[in-house]
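Worksheet for the structure shown next.
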Amino acid sequence: MWWRVASLSRFISTTSSRSSSVNQAAYRLNFWQVYTTEILTRAKDGRPSTVKTPFVAFVLGGPGSGKGTQCTKIVESFGFTHLSAGDLLRHAISSNYENSAMILDTIKEGKIVPSEVTVKLIQRAIESSDNYKFLIDGFPRSEENRIAFEKIIGAEPNIVLFFDCPEEEMVKRVLSRNEGRVDDNIDTIKKRLKVFAALNLPVIKHYSERGKVHKINAVGTVDDIFEQVRPVFTAHEKEIE
Ligand code: UDP
Ligand code: MG
């Protein structure tokens with residue numbers, strides 16, 4: 731299982747480095763939690779085949795294309811854990827995590843935070859979860875992000891959802907969503923759209939070539955759009971039951 735291997739390698743490299751003992755304890759605990767969950771899963775059924783293999787869906791699309799909204803519906807129907815890369819970064823800013831000033835500046839500019847920062851936040855969130863199925867929303871945003879994830883986590887996503895939405899519709903939605911975000915203003919939105927076209931579309935192309943992309947027409951009501959999303963997951967029922 732890749733998350734176990736990822737946790738284990740982190741565990742080994744942490745214990746052999748000079749990181750603080752608090753960090754060491756945290757990694758040890760995470761590894762142990764994951765390990766224990768697996769053992770308990772086996773014990774319940776008594777068959778090793780019931781051990782769950784992680785299932786990762788990347789959820790991509792421009793700003794305001796409805797990624798977060800649809801993720802909430804997927805969580806309700808299919809029991810995924812929703813990890814929004816943007817929310818993890820905003821949480822890092824509000825909790826004064828190392829690099830918080832740099833992260834804030836990058837978001838204000840509509841640029842992409844360095845991969846190692848984002849991947850570390852995602853990795854921690856995965857390791858601290860008991861779930862085995864994850865929606866990673868708004869990441870990877872560039873080929874560099876994608877390569878860093880695959881290298882550090884050691885896995886590719888099982889599927890990729892791409893919410894395809896016209897730019898003018900995205901602009902309208904972002905300007906009316908009123909969430910108090912520093913980047914939901916017309917100047918930053920224009921920059922984000924440019925960054926999306928230049929850097930995120932190549933990621934979608936890469937996974938399309940690997941047959942992993944499910945393109946969703948992101949114009950319509952939330953429920954109409956979810957009716958396109960639902961069959962993507964029911965097709966993977968066996969892996970996510
Ligand atoms: N961001 C980033 N890397 C990520 C995800 C987000 O650098 O993997 C930054 C980037 O500046 C982006 C902002 O966070 O414009 C907001 O991202 P989010 O996914 O929350 O917003 P969306 O563009 O989907 O509205
Ligand atoms: Mg979002």
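For the numbering used here, add 730 to where a residue sits in the sequence shown, where the first one is 1.
C-beta: ideal position from N, C-alpha, C; glycine also.
Item                                                                                                 : Value
Exposure of W762, with buried meaning 16 or more beta-carbon neighbours within 10 Å                  : Confidence is the limiting factor: at W762 the pLDDT is only 29, short of 50, which leaves the residue's position unreliable and the question unanswerable from this model.
Collapsed DSSP secondary structure at P844 in the structure displayed                                : coil
Closest by C-alpha distance to T964, when choosing among G884, S938, I889                            : I889
K797 Cβ short of 7 Å to ligand 1 heavy atom set                                                      : yes
Closer than 7 Å: R871 CB and nearest ligand 3 heavy atom                                             : You won't find ligand 3 in this model; what it holds is ligand 1 and ligand 2.
F785, DSSP secondary structure in three states                                                       : strand
Three CB pairs or more closer than 8 Å across the segment 847 to 855 and the segment 878 to 885      : yes
Cβ-Cβ separation, G816 to F892 (assumed contact under 8 Å), whole Å                                  : Not confirmed; about 17 Å, so no contact.
Inter-residue spacing [alpha-carbon to alpha-carbon] between N875 and E899                           : 26 Å
Separation of P870 from E839, as counted between CA atoms                                            : 18 Å
Limits of the unbroken beta strand (DSSP E) element including V890                                   : 889 to 894
Cβ shell of R907 (< 6 Å), same chain only, five flanking positions each side left out                : none
Rounded C-alpha distance that separates H821 from Y827                                               : 8 Å
Cβ neighbours of L929 in the same chain (closer than 7 Å, five flanking residues each side left out) : I842, R871, S872
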